[in-house]
Amino acid sequence: MRKYWPFMLLFAMVVLPLFLGLAPNLDLGFFSYYYFLNLGFITFVFVAQAVAWNILGGYGGQISFGYSAFFGLGAYTTAVLWGMYHWPMVLTFPVAGLVGVIFAIIIGLPTFRLTGPYFSIATLGIGEAMRVLMLNINSLGGASGMNLPTTIPGKMWFYYAGLILVSGTLAVSAWVRQSKFGLALFALNMDQNAAASLGVNVALYKNLAHMLGAFIVGMSGGLYATYFQYIHPDQVFGFQASISLVLMPVIGGVGTLWGPVLGGTIYYFLEDTLLSSLPSLHLLVYGVLLVLIIVLEPNGLLGMAARVQRWWRARQKEHTVAFPDAGKGALP
Amino acid sequence: MAYTSQDLLTVLVAAVLTAGIYAAMSYGLSIIYGVMKIINLSNAGVMMLGAFTTFELFRRAHMDPFLASLIVFVFYFSLGLVMYRLLVRRVVTSPPISSLLLLFGVWLVIQNIAILIWGNQDESILSKYTFATVSVLGLPVSVTRLVVFFVSIVALGLVYFFLTHTYTGMAIRATAQNRDAARLVGIDVEKSFMIAFALGTALAAFAGSLLSTIYSFNPDFGRVFQLKSFSIIVLGGLESLPGVAIGAIILSFIESLSIFVMRASMQNFLAFTILVVALVVLPNGVAGLWQRGRG
Amino acid sequence: MSWWRGRGTTRTVAWLAFWAVALLIPLGVVGCGQAQPKTIELGAVLPLSGKFQSAGQYFQQGYQMAIDEVNKAGGIEINGKKLLVNLTVLDDGSDPTTSRSLVEKLITQNHVNALLGGYDTVLVEAQEGVPDQYKIPYVEGGGAASAIFQKGYKYIFGTLATVYDMGKITMEFLQAQIDQGKLPKPLTIAVVWENTDHGKDYDAAVKDAASAHPDYFKIVFDSPFDLNGSDFTSLLTQVKASGADAFLSDAHLPDFITMHTQYTQMKMYNKFVSYGARGPDQKGRQALGSAADYLVAALWWTPALSNPQSQAFAQAYQAKYGQTADWFQAEAYETARAMLRAIQNAGSLDGTKIRDALAQLDMKDSILPGGELKFGPNGQSEVPYVMVQNLPNNQVQVVWPTSLPEAKPAILPMPKPSGK
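Going line by line, the protein sequences match chains A, B and C.
The first sequence begins at 17 in the working numbering and counts up by one.
The second sequence begins at 537 in the working numbering and counts up by one.
The third sequence begins at 9 in the working numbering and counts up by one.
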């Protein structure tokens, strides 16, 4: 039974809005129906991105600060195809993903050949470069941003679209984790040279993981754009977008399957409930959390939960040895 | 439009002075990377703190901003020592992801504490130097920019002297080349790391302090500069101090001259493009190219 | 490394989540129940942290002042009963995604009756998709781009005149100065603008005026620049080389300071210099000292306006917060006042009725230049700008429009800096 709980969680996410929808005007105090759909959609989109980031960043240990480039390109692709060329909305999402993939190849091919943190350094500038570039392309709105059609499906549609995106992403991530591909990523994370000498095509796997992440983030960018109906380079290519993508997996537990989900949910939950009424503490909280996590528990909240669990078990049966590897992520 | 040779000269002189600014803000980043192989993402935050410390010394103690920058240097050297002991020490041997994220977190903390203290407003220092100019080749040249330019050359010389002519400096260089070998010959590697990190931090704050005499600043100060610094140290080959100077000159000249062929609003795009292109084409920087040429 | 390796941990987390939800749902059900409104709920999502923090705080102050005034007078009469007004402000950290999400929260969670806008065009544009969905009226004073009002939203109103109008009034002012012989005819102009919606609107207005009056204006240089530039020497060299009489620049505060510092250091001189809305800002004057003297600026409001409402507001603000009011606070105050007045006129908390009252609103005691506030068919107001000139010793002089009693002739061409 135990390993079926993700499906139970999925089931709960599927039926909850239907259940709440029976009485859409009922006010539950801490969340109402429409608000639940809205927060649900936004959380799904960003959790999907965090899970996607985690494939290269967590499993493969290649930190990218430039995923906002894929997000923004996806958003703009959808805006152009749907808004200007009147494609059917849903068809634009895979194309948005593909544009992200192409960009990932352009960035990845040269930088992944090099060992060392060159990739991370390069990605620091990529989102910013794209932002400045888009601000200057007047045919795509330039600094005015782009407006999308306002004829969009209802909130329920977006909720389920987001749910499909995040479930699909999790399935992909779970598959990668147990596949040969995933093993190669873990190997190159631990010791790139050793992995290479054992015949792992390091650059190939890095590029594949990068492209996979880019595809998902690009699609989510497209979905986000249709929900928002308005995009601006500062918004979709902003540094903030890249920062939150790094923060979510790290808080939850980098390199684990469910860490980004936990981190992303907490991130948006915190953002929405606590921090919106406690200004000035916004990023300070995350900064402190980040420092504490790296110094005390590099496996994030999941790692902390595992610790608590080990401690609990050890206390219960002091004569048995607690399972030492439980919850260990990819970080050594 | 008619450009006189005077105009071209103005732009060239400005480019040289801007190169001085760029070099000053990149030394710290380069030293820390060179010795510890750590990308110090908190560099921008420390620069900002340096600027605000100078601002406070100027506003409350009416101190000369250039004198204040020396105090800032000493103060942030000690802060660098503390930061190293408390935090950075734990991640020196971990994979790069840990140090990247740790220092990124430190940057977020520094920035947001600054917002709590000073608010998110633009501050600036209006001193007797702000509008002072001297005549160079018949052109009016800002005193503040000129001072920053010369200080960055002097700082390069002093740091270079420290690294090549003192025992600690040589120990740091040995650590940078091969930390295991250095440990074998009895060098206190830990101490080298600590001093290198403190020196890098102090240089960043010093640069922020100098820049506060030229620009207005807020708690987000330094972010754009930080990205430029990355381009510069990559151009310079990541580990060599003279390389930083060369990288600064290249970036500054490309930026200044680009305006004659493209929109001024594309200037920042150039810096980032150079970053990526340089990484790909010249992974060892311009200095590496030169060494390769020599055989 | 199969993924269920970590099941022990993940199971714990799942159980925790399960119990959290299980315990919270009954709590929420207990807390529900509809009651008669006891207060009028207003909501606003403002950038109280992040890059627009200071503006966000000014807006909060302005909103609160207008609401305090109404509450002090006993509130607003709704269905024969006087209700007090309550304002809920949430912080979006200057992030558009959060901003929009929190507006939804205000409507669906806090059940606000009406919304006041955010600050900066990008954040306003992120928020503006929401109010129409729920038929909740929204008045903003923080986004001036004309694009906000071109999408056909019915519940969005704006009190800021467009940046296009800012460029336009600057050009009208220049035309009058040319007629008076203070500036040469035709006037050669160099215009530079930050590459944002703000800058684009400004540039468009300058260009339009120049093509409408080729006998008056000749644009000899036109270029955008990137926000937060470190060195404007190349740009300014081009301005200098163009030999323009007038130098127009549309910049935010940090770029204004950096650019004008370099302008002064390069010993440049133009007969007329304006940085759009920048000039009288206290931060700018502290940074630039006498170099900021004689700059001309177009503003939405200035404490130099002599009408009694403006003076009363400026004094009340000074008394409450101990500093000089800027246009931010005045605009926010006026935005909240427009909303409160509309609620009063509607006599109801129904969103559609308030919306209709806003569309018909005609506020004759406005503190904005011109003294009257009403909204056009697209929801945007057409309040005139006021032009001011900086004078030495931190003085500010209203110079345009001449219909204002306090307006005095501008000192043009700008005096050359002495000595240096």
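Note that the Cβ used here is the ideal one computed from N, Cα and C, for glycine as well.
| request: Return the chain-ordered ranges of every alpha helix (DSSP H) run that is complete within the stretch 681 to 722 of chain B and spans a minimum of 4 residues. | output: 703 to 713 and 715 to 720
| Span separating the alpha-carbon of Gly251(C) from that of Leu195(C) | Looking at the two C-alpha atoms, the distance is approximately 11 Å.
| First and last residue of the uninterrupted alpha helix (DSSP H) at Ala198(A) | The amino acid at residue 198(A) is misidentified as Ala; the sequence shows Gly. Here the alpha helix (DSSP H) through Gly198(A) covers Lys196 to Met206.
| Quick one: is Leu35(C) buried, meaning 16 or more other Cβ sit within 10 Å of its Cβ, or exposed? | Residue placement at Leu35(C) cannot be trusted, given a pLDDT of 43 that sits under 50; the coordinates are not used to answer.
| query | For chain C, is any of its Cβ atoms less than 9 Å away from the one on Thr166(A)? | reply | yes
| query | What's the C-alpha gap between Ala734(B) and Tyr620(B)? | reply | 7 Å
| query | Beta-carbon separation of Leu692(B) and Val770(B) under 9 Å? | reply | no
| query | When we look at the beta-carbon of Ser48(A) and count the other beta-carbons within 10 Å, is it buried (16 or more) or exposed? | reply | buried
| task | Please confirm if Glu136(C) has its CB atom under 9 Å from at least one CB of chain A. | result | With 9 Å as the cut-off, Glu136(C) counts as an interface residue toward chain A.
| message | Considering Cα atoms alone, identify which of Val582(B), Ala707(B) and Ser752(B) is closest to Leu615(B). | response | Val582(B)
| Beta-ladder partner(s) of Arg286(C), from DSSP | DSSP output for Arg286(C) lists Tyr283(C) as bridge partner(s).
| request: Could you tell me whether any Cβ in chain A is nearer than 9 Å to the Cβ of Tyr558(B)? | output: no
| Going by DSSP, what residues sit across from Leu92(C) in a beta bridge? | Thr47(C)
| Are the beta-carbon atoms belonging to Leu639(B) and Ala295(C) less than 9 Å from one another? | No; because the gap between Cβ atoms is not below 9 Å, this pair is not in contact.
| Buried/exposed call for Ser788(B), threshold 16 Cβ in 10 Å | Result: buried.
| task | Starting from Glu148(C), follow its DSSP beta bridges and name the residues at the other end. | result | Gly166(C)
| field | Residue-level contact to chain C via CB, Val301(A), 9 Å cutoff | value | With 9 Å as the cut-off, Val301(A) does not count as an interface residue toward chain C.
| field | Gly292(C) beta carbon less than 9 Å from that of Phe667(B) | value | no
| query | Using 8 Å as the threshold, is the stretch 123 to 130 of chain A in touch with the stretch 99 to 114 of chain A, meaning 3 or more CB pairs across them? | reply | no
| request: Establish whether the CB of Glu133(C) and some CB of chain A are separated by less than 9 Å. | output: Output row for Glu133(C): interface = yes.
| request: Determine which residues of the stretch 776 to 805 of chain B have a Cβ less than 7 Å from any Cβ of chain C, and write them out in chain order. | output: Ser792, Ile795, Arg799, Ala800, Ser801, Gln803 and Asn804
| How would you label Val37(C), buried or exposed, when you count the other beta carbons within 10 angstroms and need 16 or more for buried? | In this prediction, Val37(C) scores a pLDDT of 44, lower than 50, which makes its location untrustworthy; no coordinate-derived value is stated.
| message | Whole angstroms are fine: how far does the CA of Asn209(A) sit from the CA of Asp716(B)? | response | Computed Cα separation, rounded: 18 Å.
| said: Closer than 8 Å between beta carbons: that is the criterion. Which residues of the stretch 128 to 149 of chain A meet it against chain B? | reply: Of all residues in the stretch 128 to 149 of chain A, only Leu130, Gly132, Pro133, Tyr134, Ser136, Ile137, Ala138, Leu140, Gly141, Ile142, Glu144, Ala145, Val148 and Leu149 place a beta-carbon less than 8 Å from a beta-carbon of chain B.
| field | Which listed residue (Thr47(C), Leu50(C), Gln61(C) and Gln65(C)) has its alpha carbon closest to that of Ala333(C) | value | Gln65(C)
| Beta bridge counterpart(s) of Asn163(A) as assigned by DSSP | Tyr246(A)
| message | Beta carbons nearer than 7 Å to chain B: which residues of the stretch 75 to 95 of chain C have them? | response | none
| query | Can you tell me whether DSSP reads Ser356(C) as helix, strand or coil? | reply | The three-state reading of DSSP puts Ser356(C) in coil, since its state is none of H, G, I, E or B.
| Contacting residues, own chain, Cβ-Cβ under 6 Å from Phe6(C) (five flanking each side not counted) | Here chain C covers residues 9 to 428 and nothing more, so residue 6(C) does not appear.
| Neighbouring residues, chain B, relative to Phe67(C) (Cβ below 7 Å) | Residues of chain B passing the Cβ test: none, with the nearest at roughly 14 Å.
| query | Comparing the C-beta of Pro169(A) with each C-beta of chain D, is any distance below 9 Å? | reply | No chain D is part of this structure, whose protein chains are labelled A, B and C.
| For Ser48(A), which residues in chain C fall below 7 Å Cβ to Cβ? | Per Cβ cutoff of 7 Å: Thr116 and Gln117.
| request: Pick out whichever of Ser231(C), Phe229(C) and Leu235(C) has its Cα sitting closest to the Cα of Arg759(B). | output: Leu235(C)
| field | Minimum length 4: unbroken alpha helix (DSSP H) runs contained in the stretch 120 to 144 of chain C | value | Counting whole runs of 4 or more residues, the stretch 120 to 144 of chain C contains the alpha helix (DSSP H) stretches 129 to 135 and 137 to 142.
| What are the boundary residues of the beta strand (DSSP E) that Glu85(C) is part of? | Ile84 to Ile86
| Using DSSP with H/G/I as helix, E/B as strand and the rest coil, what is Phe833(B)? | Here chain B comprises residues numbered 537 to 831, so residue 833(B) is not present and cannot be evaluated.
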